[in-house]
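What the sequence shown shows, in mature numbering (1 follows the signal peptide of the UniProt record, and there is no 0), is residues -21 to -1, 1 to 942, in sequence order.
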Amino acid sequence: MNYSLFCIGVCQIILLRFCDTFNLDVENPSVYSGPNGSYFGYSVEFYLTNSSSVVIGAPKANTSQFNITEGGSVYYCPWSLGQSECYNIEFDNQGDRIVTLNKIDYQAEVKSHQWFGATVRSHGDTILACAPLYSWRTKSDIPQSDTTGTCYLSVKNFTKFVEYAPCRTEFINQGGQGYCQGGFSADFTKVTLLNTSSQFSTRGQVISAAKEEIIKAYYPGYFMQSVEGQTQTRQAQIKYDDSYHGKTFLSRNSITLLIPLLSKHMGSYFGYAVATADINNDGMVDLLVGAPMYMTRGSDSRLEEVGRVYLYLQRGPLDLEPTLNLTGTQVFGRFGSTITPLGDLNQDGYNDLAISCPFGGEDQQGLVLIYNGFAGGLRDTSSQVIAGQWASGTVPASFGFALRGAKDLDMNGYPDLIVGIFLYNVNLSFCLSANGKYLPDNLGFQVEVQLDHLKHKQKGGVKRALFVDSQQAVLQRSMRVQRGERVCHETKIYLRVSLLYPKLQPTNCSITAKMEEESGRGKSKELVCRPYKTVNRIITGAQILLDCGEDNICVPDLKLAVHGDRKEVYLGDDNSLTLTFNARNEGEGGAYEAELYVVLPPEADYSGIARNNESLTQLTCSYEAENQTRYLSCDLGNPMKSGTSLWAGLRFTVPRLKDTRKTVQFELQIRSKNENNSHSEVVPYKLEVVVQADVILQGVSRPDKVFFPPPNWKVSKAPQEEQDIGPAVQHVYELVNKGPSGISHTVLQLRCPFSVPEQGLLYPLEISTEGPLNCTTNHSINYLQLKLQQTSTEQPPLLVPGQDHHIERREVQRDQLAEHTNLSCSNVECWTLQCDVGLLEKGTSAILKLRSRIWAETFIERAYKGYVLECLARFSVVKMPYAILPKEVPSGSKKVVTPLVWNKPDSQYSVPLWIIILAILAGLLLLALLIYVLYKLGFFKRSLPYGTAMEKAQLKPQAASEA
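Written as structure tokens, this is what we have:
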């Protein structure tokens, strides 16, 4: 059996005219067809000047531009009843322009595959056409161009052409216009042009400029232009990135005032289509927003993708009221993919509109639904449903892919509608031949060809390929073959292409042949045809290729480099890990359905995309499991073009480590669906499994110093109670495992000064512990069996287990300590406490509290002044609960000192009261004596203002005259 497949791209435009029954005439449409593979009909527009016509974009069309491949074109199609012919509009007839800088020539722009015609709009005698994938380079030393996008204006009925590229700047900053895609969508508002771009950070931008100012600023040969009055929005906040809820904006006159409308339904593609019209005839423009992938629950309570259109009536300036939700009824029909105002279709005084459902209908060929407006808004049921049932004798796929209305093309007083159809035609041929011994002269075959045999798995989903004549995905044919001869059959299929899913997956088909053998005895039986060294079923596919050069052979060269932010992972930790990778295609063609394929080790989990660096590409990844293998697949582009180099990061955790494996390994690879050189080499990333614990020992003395002699102290030759010994002191020690690994056995030793010959220094009263502690001592605790008093008032606050405490110390000043002599285990007899500490996991601790009394008699009688009691605690980890040995065994020590200050303790009345009273009385007496002396000297006598009475009388007339 022989077979062959080849693909031809075809798009068509249907023009429907309004008839006197207040419906669109579906019996006599005008059909426009464009070049094969040009995406003719990707965008459509009415052009009503001196003559009625249609303007149609074909973003993959080849033009006469020198050395440009699939630069894209816009076609002018005059209206006439029946089939119409279209003509190419030469907006731009130049190839890639060359710039000379410092006597060096370099290619400043890239027009191949720029998708010119992806956006087409008209206003009066002006047509705007945009190429959002146009690229240009800012400097000669920059190897890669930036996709800034560009647009052209045709002015005065194709007599003048003006370029407008608002994103083309002289420099590219960190958040600049590097991937602006200017012209991604555009429209005219009165005489102002709104040019929407996708922007580098995927959050979108709107640029506005007056048409007249664009024309005035244009100068041939200049890349840069300064348009008077051009304004643009700032980028949206980063929180809207990757939200998958969708959004749209409404503006009033100035684009600086924007109101975001957000969808509450994730993945519904809210805002994919937007239209404005005065639906209820109240003089205010209303808003319609399409969400073609909106889901609702069906009768079996399962989610079904049906699509939805939201109506917002404008009650006041920018006061939008949600009033109606139109929900599609066709599963996978993509209701709401396109919305266009129609004007007053039924002549009732209210504007109507058309909504497409490009994969709806009984045969999923596409529907266009007409909805009428009224005083309350929009009717919730359609008045007319138009099914795609024509176009050169075939049933087209995606009928309604593009819509444009509200213009009267045939001048009969009624508005008309343009409907775009987007499809691929594929020729499929297969041949049968019969050779071999013991075969009859005439053989009969039943051949079955099934499309999308491998790819179509979802029940009820839209099939991507159908046979043209049967509109089914299965073709059955009876074929008769003479022995030794070859018989071929040829048929056509068409492929549906959805802009929402631009995956260029191959269209697979399986061909199965069954043979009937007729014997001379009149018996017959059905046999499965099994050709020599082959099987009876052949599976092949039509590969959809783009940007593969003249030979249509894409041979990528995929390279992958991986870097991580750590080389070790620790037992007991969550082990956060970020893998940053560089994916490159250094081959001569694009890599189709290119994905980063990451095989996760059993110990690891996927956390998300790295977003801490704006230079990293934000990927779309899916996490799946097959049998015992868990893997991550991230979309790298379809296609991943030649010359692509992108950086991205993935976040993981590695929490399930076992001490039976000393390494953990991730495996990364770039995979594509190309026939040749489709995968990169597998790049392993290994992590060493390490046992490590950060163990700290901290301690505190309460009080932090002890004053001698104690107040009201009386020497007791036979102490009965603990207070007879002397001042109380308590030491608290905490052994903390800060992790990440656990420790199972630790030795903690405490040594404190105990006695000098015939005299005690420290008298241990009691020990208390918290945690897995088991302790022994070399001297008995409270060996005099003294009566213990309640210690609640003397106990220091407990240390919280697992916290890194910064213990407060009000220590003696250094000049005081210089006069002190340390009493430590190096010069006196010591009291030793040794504890075995059990299992301490990460974040846990063991606490040891030692309460003691200081022998006051020793320090008073022997006048031991200025001493410091110094206790030393040491720890050493003996064992960790793992088979893997630690690189370093934790150990450490901590000194806790209690200074003995020979001074009376601070008191509110450190000076006797009688001295204070005597000082006050002496002060008052001195003050009275001073006042008396001043009085005798006349200090307190006041003089009159005018001296004597005579002086006063003499001054009065003068004062009066002066007044």
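All residues carry an ideal CB built from backbone N, CA and C; glycine is no exception.
For the set Leu819, Phe733 and Val816, the Cα lying nearest the Cα of Cys809 is the one of Phe733. Non-local C-beta neighbours of Leu879 in its own chain, meaning closer than 6 angstroms and more than five positions away in sequence, comprise Val685, Phe687 and Tyr846, ordered along the chain. Around the CB of Leu666, 16 or more other CB atoms lie within 10 Å, so the residue is classed as buried.
Out of Ile839, Val633, Thr255 and Asp331, the CA that lies nearest to the CA of Leu299 is found in Thr255.
Annotation for Gly902: the continuous alpha helix (DSSP H) segment containing it runs Leu892 to Lys915.
Annotation for Tyr610: Tyr576, Val577, Val578, Leu579 and Glu603 place their beta carbon closer than 7 angstroms to its own, counting only its chain and skipping 5 residues before and after. Boundaries of the alpha helix (DSSP H) around Thr837: Ala835 to Glu840. Between Asn653 and Pro535, the gap from beta carbon to beta carbon is short of 8 angstroms. According to DSSP, residue pairing for Ile746 in a beta bridge involves Leu829. Counting the other CB atoms within 10 Å of its CB gives Gly161 a total of 16 or more, which places it among the buried residues. In the structure shown, Gln702 adopts helical secondary structure according to DSSP, grouped into three states. Judged by their CB atoms, Asn330 and Ile397 are not nearer to each other than the 8 angstroms cut-off.
Sixteen is the threshold: since fewer than 16 other Cβ atoms of the shown chains lie within 10 Å of the Cβ of Ala697, the residue is exposed.
Membership of Glu808 in the beta strand (DSSP E) is indicated by the continuous run Glu808 to Val816. Around the CB of Thr800, fewer than 16 other CB atoms lie within 10 Å, so the residue is classed as exposed.
Pairing Ile83 with Ser133 gives a Cβ-Cβ distance that is not under 8 angstroms.
Considered as a whole, the stretch 607 to 646 harbours 608 to 616 and 624 to 632 as its complete beta strand (DSSP E) runs of no fewer than 3 residues, in chain order. Taken through DSSP and simplified to helix, strand or coil, Glu820 comes out as coil. Contact between Pro634 and Ala570 does not hold, since the beta-carbon distance rounds to 34 angstroms and is not under 8 angstroms. Residue pairing by DSSP places Cys467 opposite Cys410 in a beta bridge.
For Ser601, same chain residues with a beta-carbon under 6 angstroms away, outside a window of 5 residues either side, are Ser612 in chain order. The Cβ-Cβ distance between Leu625 and Ile588 does not fall below 8 angstroms. In the DSSP assignment, Ile193 falls within the alpha helix (DSSP H) that extends over Lys190 to Ala196. If the five residues before and after Tyr66 are omitted, its C-beta is found closer than 7 angstroms to the C-beta atoms of Tyr54 and Tyr55, all from its own chain and listed in chain order. When DSSP states are grouped into helix, strand and coil, Val264 belongs to the coil group. DSSP lists Phe424 as the bridge partner or partners of Met458.
Within the stretch 530 to 556, complete beta strand (DSSP E) segments of at least 3 residues are found at 537 to 543 and 547 to 549, given in chain order. The closest CA to that of Cys159, considering only Thr470, Gly128, Asp166 and Phe137, is found on Gly128. At the C-beta level, Gly399 and Val23 come within 8 angstroms of one another. Judged by DSSP secondary structure, Val134 falls within the beta strand (DSSP E) whose first and last residues are Thr129 to Val134. Spatial neighbours of Gln44 in its own chain (CB-CB distance under 8 angstroms, excluding positions within 5 residues in sequence) are listed in chain order as Gly50, Asp71, Asn72, Gln73, Gly74 and Lys90.
Rounded to the nearest whole angstrom, the C-alpha separation of Gly622 and Thr608 is 32 angstroms.
Between Gly340 and Gly315, the CB-CB gap reaches or exceeds 8 angstroms.
Taken through DSSP and simplified to helix, strand or coil, Cys146 comes out as coil. Using a C-beta cut-off of 8 angstroms, the stretch 849 to 864 makes contact with the stretch 720 to 729, since at least three inter-stretch Cβ pairs fall below that distance. Contact between Gly678 and Val875 holds, with the beta-carbon distance rounding to 4 angstroms and staying under 8 angstroms.
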